[in-house]
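Asks:
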Amino acid sequence: MSEQGREIIVIGAGIGGLSAAIHLAIKGHCVHVLERQAQVGGKLNLIEKEGFAFDTGPSLVTMPHVLRELFVVAGRRLEDYLELIPLEVTCRYFYRDGVVFNAWRDRECLAQEFARLNPEDGEAFRRFFEHTRSIYEAAADPFLYHSLGSPLNIVRTFWHYVLKGHKSGAGADEPLSRRWRAVMAALSSRTLDQEVRRFFQDEHARQLFARYATYNGSSPYQVAAVYSLIPYVELADGGWYPRGGMYSISRALEQLARELGVTLETNCEVERIQVSERRKLTRLRPEARGVVLVDGRVLHCDAVVANSDVVTTHSQLLSPAVRNQATLRKLTKLEPSCSGFVLLLGTDKTYPDLEHHNIFFSDDYQAEFADLFEKRVPIQNPTIYICATTRTDPTQAPAGGENLFILVNAPYLTEAIDWQREAPAYRERILDLLASYEQVDLSDLREHIVCEEMLTPEDFWQKYGSNAGSIYGLSSNGRMAPFTRPGNCSPEVERLYFVGGSAHPGGSIPLVMLSGRIVAELVDERVNG
Numbered sequence: 001m002s003e004q005g006r007e008i009i010v011i012g013a014g015i016g017g018l019s020a021a022i023h024l025a026i027k028g029h030c031v032h033v034l035e036r037q038a039q040v041g042g043k044l045n046l047i048e049k050e051g052f053a054f055d056t057g058p059s060l061v062t063m064p065h066v067l068r069e070l071f072v073v074a075g076r077r078l079e080d081y082l083e084l085i086p087l088e089v090t091c092r093y094f095y096r097d098g099v100v101f102n103a104w105r106d107r108e109c110l111a112q113e114f115a116r117l118n119p120e121d122g123e124a125f126r127r128f129f130e131h132t133r134s135i136y137e138a139a140a141d142p143f144l145y146h147s148l149g150s151p152l153n154i155v156r157t158f159w160h161y162v163l164k165g166h167k168s169g170a171g172a173d174e175p176l177s178r179r180w181r182a183v184m185a186a187l188s189s190r191t192l193d194q195e196v197r198r199f200f201q202d203e204h205a206r207q208l209f210a211r212y213a214t215y216n217g218s219s220p221y222q223v224a225a226v227y228s229l230i231p232y233v234e235l236a237d238g239g240w241y242p243r244g245g246m247y248s249i250s251r252a253l254e255q256l257a258r259e260l261g262v263t264l265e266t267n268c269e270v271e272r273i274q275v276s277e278r279r280k281l282t283r284l285r286p287e288a289r290g291v292v293l294v295d296g297r298v299l300h301c302d303a304v305v306a307n308s309d310v311v312t313t314h315s316q317l318l319s320p321a322v323r324n325q326a327t328l329r330k331l332t333k334l335e336p337s338c339s340g341f342v343l344l345l346g347t348d349k350t351y352p353d354l355e356h357h358n359i360f361f362s363d364d365y366q367a368e369f370a371d372l373f374e375k376r377v378p379i380q381n382p383t384i385y386i387c388a389t390t391r392t393d394p395t396q397a398p399a400g401g402e403n404l405f406i407l408v409n410a411p412y413l414t415e416a417i418d419w420q421r422e423a424p425a426y427r428e429r430i431l432d433l434l435a436s437y438e439q440v441d442l443s444d445l446r447e448h449i450v451c452e453e454m455l456t457p458e459d460f461w462q463k464y465g466s467n468a469g470s471i472y473g474l475s476s477n478g479r480m481a482p483f484t485r486p487g488n489c490s491p492e493v494e495r496l497y498f499v500g501g502s503a504h505p506g507g508s509i510p511l512v513m514l515s516g517r518i519v520a521e522l523v524d525e526r527v528n529g
C-alpha cells in the first residue's frame, strides 16, 4: 500500500485498462478511467439483438489463474463475480478431407485422438506437451510476468532460471541440463511450424498446432518457436467459458474496480495527453500531467496509463511538440497483427454437429498466410472459426436458435482494400465455403438467419482506434518480435505508461491482464520513488 495515493488517469476501459486500474486502486491510488465507448470492455464487448447475445471479441478463457489471482489480491473471490465453466471439448476441427478431430480437455483422450490420426503421434503429443511446458517455465518469467527490460536483464533472468529454476519452484526440480535445453528452445531460431514438424508426422496435427500463431495475430511460418508456449497454456489448464458470455468478464472487472473506489466515465473521449514542456537545457524528459478531453475539460494527474493502442497514442494523443518522430517512425515500421472479418448470425435453427468452438481448416494453410501477410488481401481460401456459445449456455439465444460468431483472419488495413465495397461479396464467399464441408450440414444456413451484424477491419479501427484495424496490436512475426514489442513505459514521456494488447507482453485476455499488473507496479515505483 502506498503511503500517499496519487491521482492516476487510465485512458480506455479495455481488459488491460481495468486490470491496471484495479491493481493501482489496491495500491492505494486514486484512479479515474476514461472510456470513449458507451460501455467498458474494449474489444471484449457485447452486441444484443432480437434476443441473441453476441460477444464481439475474445471467445475463450485460458490461464484462468490470472483472473483468479487478481481477485485474490483485491481480497475477493472470483467465484462471487464470475462462474467459469470448463469445456470438455476445447475445439472441434473440421478438415477438407473429411477428418473431424475433437480436442479433448482430458490429455489422455487427446493423445488417443492424435494416435487415431497417426499411431506415432499420440506419443509425439505427450513429448510435445512436456517440451512446451519446459519452454513455458523458462520463458514465462522474463516475457509474461515482468516489464520487458534490456536484453542483458532478459539474459540474467534466463540464467537465473537455468541455475535455480523459478522463485515459485517451477522447474526447480529439473536437472540443470534440462533447464538449459529449455532456455535454448525458447531462444531457438526455428519457427512455430518448424518446431511442430519436429514432433508430429500427420499433417492434420501439424496444421492444428500451427493455428496457435493466430492467437496473437501472427503467421506460424514466421513466428518464433518460443510461442509454442501458447498451445501449452491451453493444454495445461484447458479452455473455459464464463456463464452468461465472455462479456461477463468485463462486467466482473468493472464491478470490482468500482468497489475499490475506481471512477469510470464512459462516452468520454480523450483528445490529447497533457505533457509538461520539454526541458531543453537538461536531460530530463517531459512528464505526462493530465489529459484534455474532447468536451473541453482538462483533468490533471500524477501519471497517465494508456490502454489505447501504442501507435495510435503516439500519433494522435501526443502533441507534435513532444512527439518523437524517430520513435513514431520506428513504431509504424513494426508490422501490425492481422485483423478480422466477423459475421454475427442469429439463426432460428440449431446445428448440433457444431461444438462450442469450431475450426474449419482450409486445404492450403501456407497460401492463407501469404494472402494475409505478403499480399495483404482478403484470404481467398480461408480457415473459418465458428463459436456457438449456446452449446454451453442456452440463454445466449432464443429457444431453438443459435448465436454464431464467425471469424476469418483478415489483413490489416491498407489503401488497397475498400471493405465497404468488398464485405458483402466476402460474406457470401464465407457462407459458400461453410456449406461445402461434408462433415456438418450448413447448406441451409442462409435460409435460417433471422438477425445479423458484420464487423470488418474498418470497424476495429473506428471503434477501438486499433492501429491499421489490427486485433492483437502488433504481430509477433520474426525471431526478434518478443524483444521489439513496445514496452510498458514511454521512452519519451515520463509518467506515461502503456497497457493492453499492443504493448508488452501482448494480446489475449490473460496477457493484457498481466500487462495491467506490470504497469501498476511500474507506476507505483515511479510516482512514489
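Each residue of the sequence shown is one higher than the one before, starting from 1 at the first, in UniProt numbering.
Even for Gly, the Cβ is constructed at its ideal location relative to N, Cα and C.
Note that the coordinates shown come from a computational prediction; the quantities given were computed from them, not determined experimentally.
Is K49 helix, strand or coil when you go by DSSP?
Replies: In this structure, K49 counts as strand in the three-state DSSP scheme.
Asks: Tell me whether V242 sits in a helix, a strand or coil according to DSSP, three-state version.
Replies: The sequence given here places Pro at residue 242; Val does not occur at that position. Correct three-state label for P242: strand.
Asks: Cutting at 7 Å between CB atoms, please list the residues of its own chain near P242, excluding the five before and the five after it.
Replies: Contacts found: V61, L82, E83, L84, S248 and I249.
Asks: Have a look at G473, A257, D524 and F54 and flag the residue whose alpha-carbon is nearest the alpha-carbon of residue 538.
Replies: Since the displayed the chain opens at 1 and closes at 529, residue 538 lies outside it and no answer follows.
Asks: If you compare alpha carbons, which of H300, R517 and D55 is closest to N488?
Replies: Taking only the C-alpha atoms, the option nearest N488 is R517.
Asks: With DSSP as the reference, label L354 as helix, strand or coil.
Replies: Coil, per DSSP.
Asks: When you compare only the Cα positions, how much space is there between L87 and W240?
Replies: Between L87 and W240, the C-alpha separation is close to 6 Å.
Asks: With three or more beta-carbon pairs closer than 8 Å as the criterion, would you say the segment 209 to 220 touches the segment 473 to 486?
Replies: Verdict: yes, contact present.
Asks: Identify whether V432 lies in helix, strand or coil by the three-state DSSP scheme.
Replies: In the sequence as displayed, the identity of residue 432 is Asp instead of Val. It is helical.
Asks: Are the segment 97 to 112 and the segment 394 to 414 touching by the rule of at least three beta carbon pairs closer than 8 Å?
Replies: With a cut-off of 8 Å, the segment 394 to 414 and the segment 97 to 112 do not count as touching, because too few Cβ pairs lie within range.
Asks: Could you tell me which whole beta strand (DSSP E) segments of length 3 or greater appear in the segment 270 to 329?
Replies: You should have 270 to 275, 288 to 293, 298 to 300 and 303 to 306.
Asks: In angstroms, rounded to a whole number, what distance separates the CA positions of F209 and T395?
Replies: About 32 Å.
Asks: For S168, name the three-state secondary structure that DSSP assigns.
Replies: Its pLDDT being 45, under 50, S168 is placed unreliably by the model, and nothing is read from it.
Asks: Considering only their Cβ atoms, is the gap separating F143 from N403 smaller than 8 Å?
Replies: No, the pair does not count as a contact, with Cβ atoms beyond the cut-off.
Asks: Helix or strand or just coil, what does DSSP make of C109?
Replies: C109 falls in the helix class under three-state DSSP.
Asks: Can you grab the Cα-Cα spacing for the pair E254 / V450, in whole Å?
Replies: Rounded to the nearest angstrom, the two C-alpha atoms are 32 Å apart.
Asks: Taking the CB atoms as reference points, tell me whether Y497 and K43 lie closer together than 8 Å.
Replies: Not a contact, by the Cβ cut-off of 8 Å.
Asks: Assuming S337 and I230 are in contact, meaning their beta carbons sit under 8 Å apart, how far apart are those beta carbons, in whole angstroms?
Replies: Contact flag wrong, Cβ pair sits at about 14 Å.
Asks: Just to check my reading of the structure: C30 and I8 have Cβ atoms closer than 8 Å, yes? What is that Cβ distance to the nearest angstrom?
Replies: That pair is a contact at about 7 Å.
Asks: Does the pairing of the segment 353 to 366 with the segment 436 to 450 give three or more beta-carbon distances under 8 Å?
Replies: With the cut-off at 8 Å, the segment 353 to 366 and the segment 436 to 450 touch.
Asks: On the premise that V310 lies in contact with P486, defined as a C-beta separation below 8 Å, what is that separation, rounded to the nearest angstrom?
Replies: Rounded, the Cβ-Cβ distance is 4 Å, consistent with contact.
Asks: Note down the Cα distance separating Y437 from A124, rounded to an integer number of angstroms.
Replies: Their Cα atoms are separated by approximately 29 Å.
Asks: My assumption, with CB atoms under 8 Å, is that F360 sits in contact with L434. Please give the rounded CB distance.
Replies: Sure, about 7 Å apart at Cβ, within 8 Å.
Asks: So, is K27 buried or exposed, given that buried needs 16 or more other C-beta atoms within 10 angstroms?
Replies: Counting Cβ neighbours within 10 Å, K27 comes out buried, since at least 16 surround it.
Asks: Do you know whose CA, among G16, D55, A25 and G17, lies nearest D393's CA?
Replies: Of the listed residues, the one whose Cα sits closest to D393 is D55.
Asks: Give me the Cα-Cα distance between V377 and R429, rounded to the nearest whole angstrom.
Replies: Roughly 14 Å separates the two Cα atoms.
Asks: Could you pull out every residue in the same chain whose Cβ sits closer than 8 Å to the Cβ of L117, ignoring the five residues on either side in sequence?
Replies: Closer than 8 Å at the Cβ level, and outside the excluded window around L117, lie V99, F101, D202, H204 and A205.
Asks: Go ahead and label S319 buried or exposed: buried means 16 or more other beta carbons lie within 10 angstroms of its beta carbon, across all protein chains shown.
Replies: By the 10 Å Cβ count, S319 comes out exposed.
Asks: In three-state terms, what does DSSP make of M513?
Replies: M513: helix per DSSP, three-state reduction.
Asks: If you draw a straight line from the C-alpha of L344 to the C-alpha of L284, how long is it?
Replies: So the two alpha carbons sit approximately 50 Å from each other.
Asks: If you follow the beta strand (DSSP E) that Y93 is in, where does it begin and where does it stop?
Replies: Looking at the DSSP string, the run of the beta strand (DSSP E) that includes Y93 is V89 to F94.
Asks: Can you check whether the CB of G57 is closer than 8 Å to the CB of V33?
Replies: Their beta carbons are not under 8 Å apart, which means V33 does not touch G57 by this criterion.
Asks: Can you list, in chain order, the stretches of the alpha helix (DSSP H) that have 4 or more residues and sit fully within the segment 201 to 269?
Replies: Complete alpha helix (DSSP H) runs here, min 4: 203 to 210, 229 to 237 and 247 to 259.
Asks: Taking the alpha-carbon positions, what's the E287 to H300 distance?
Replies: Taking the straight line from one Cα to the other gives about 12 Å.
Asks: Three or more beta-carbon pairs under 8 Å between the segment 370 to 384 and the segment 416 to 429, yes or no?
Replies: Counting Cβ pairs under 8 Å, three or more are found: they touch.
Asks: At which residues does the beta strand (DSSP E) containing V61 begin and terminate?
Replies: Run containing V61: none; DSSP gives neither H nor E here.
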